[in-house]
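Only one structure is covered here, and it is reproduced in the block below.
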Amino acid sequence: MLEHKHLMLMADVNCPPSSCEEIEYWMSGLVKSLGMKELIQPKAVYCNKEGNEGVTCICAIETSHIVLHSWDGQVPQKIQLDIYTCSKLNIVSVWEKIKRFEAYNIQYKFYDRKNGFKLLNCNEDKRIEENLKSNFWHFAKTMPQIPHWYTRAREWESLHQFAEAVDLINRKGVIEKWGKASYKYYYIDEYKYWTMEEETVPSHKHILINRAKA
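Mapping to this note's numbering: the sequence shown position 100 is 227, numbers consecutive.
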């Protein structure tokens, strides 16, 4: 049965593609990790136009296409990824593959084109929220005067699930002052969640997530 899923993603990166050959190899790996098959092998070209420097890579797959653009001549450096398939699309596998670019500040739209371009982000956010709530939380005994809990990346079922939660907090959290510092808080039910690392640290390199009563 045809499904027609469409993912459009943009992210800041610390390690953009450095060569056409490298990104062609990376895209072939992405196709395989998604359980898809190449119709036309990935082809990458570097653009030298001032202000638009970067690699563009295109791959035709049996179920549609994948396109990646990168911008390595600006600060912050960026990638943009477009995946359209009439088959299933597991976006968790996409997050796993873009770790190679040390991506952060990930923004995306995930559409069901079969059903009137229905936006599926909310479904994904709910899935990530459930993972976040259900993981084991330690009480921070070293700071009893400020009751809060933490969960460590190494205790999660998989690192990419933890990284998804970090991305959700950074993408949809609200910046608030706490003392002289500012944190981005993401609210779920009676708790607020936040991370400690700078936003420029790739999500899969974060160590822990905190939560406290809202």
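Idealized CB from N, CA, C, for every residue including glycine.
Rounded to whole angstroms, what's the CA-CA distance from L286 to G156? Just pull it up for me.
-> Note on geometry: alpha-carbon atoms of L286 and G156 lie some 19 angstroms from one another.
Roughly how many angstroms separate the alpha carbons of I334 and Y320, rounded to a whole number?
-> Within the model, the alpha-carbon separation for I334 versus Y320 is close to 14 angstroms.
Is E130 closer than 9 angstroms to K236 when the C-beta atoms are compared?
-> no
Of the listed residues N179, Y152, G162, W222, nearest to P169 (C-alpha basis) | Y152
Run through the segment 190-252 for me and flag every whole beta strand (DSSP E) of 3 or more residues, listed as ranges in chain order.
-> 191-198, 204-212, 230-239
Would you tell me roughly how many angstroms separate the C-alpha atoms of A187 and M270, rounded to the nearest one?
-> 54 angstroms
Rounded C-alpha distance that separates C142 from A230 | 8 angstroms
Return helix, strand or coil for K260, following the three-state DSSP convention.
-> helix
Please state if the CB of E282 and the CB of F263 are separated by a distance shorter than 9 angstroms.
-> yes
Measure the C-alpha to C-alpha separation of G300 and I210 and round it to an integer number of angstroms.
-> 26 angstroms
Beta carbon of M163 nearer than 9 angstroms to that of T212 = yes
Could you check how far apart the C-beta atoms of I206 and C184 are, in whole angstroms? I think they sit under 8 angstroms.
-> I206 to C184, Cβ: 10 angstroms. No contact.
For D252, the nearest candidate out of A308, H192, V219 (CA to CA) = V219
Determine the DSSP secondary structure at S146, reduced to helix, strand or coil.
-> coil
In three-state terms, what does DSSP make of G156?
-> helix
Buried versus exposed call for L246 [16 or more other C-beta atoms within 10 Å across all chains shown] | exposed
Please classify G178: is it buried, with 16 or more other beta-carbons within 10 angstroms of its beta-carbon, or exposed?
-> exposed
Mark W305 as exposed unless 16 or more other C-beta atoms lie within 10 angstroms of its C-beta, in which case mark it buried.
-> exposed
Closer than 9 angstroms, CB to CB, is V221 near chain C or not?
-> Absent from the structure: chain C. Only one protein chain is present.
Please look up how many angstroms separate the CB atoms of Y72 and E303, rounded, as I've assumed it's under 8 angstroms.
-> Within the shown structure, residues of the chain are numbered from 128 to 341, placing residue 72 beyond reach of any answer.
Which listed residue (N337, E326, L166, F289) has its alpha carbon closest to that of Y277 = N337
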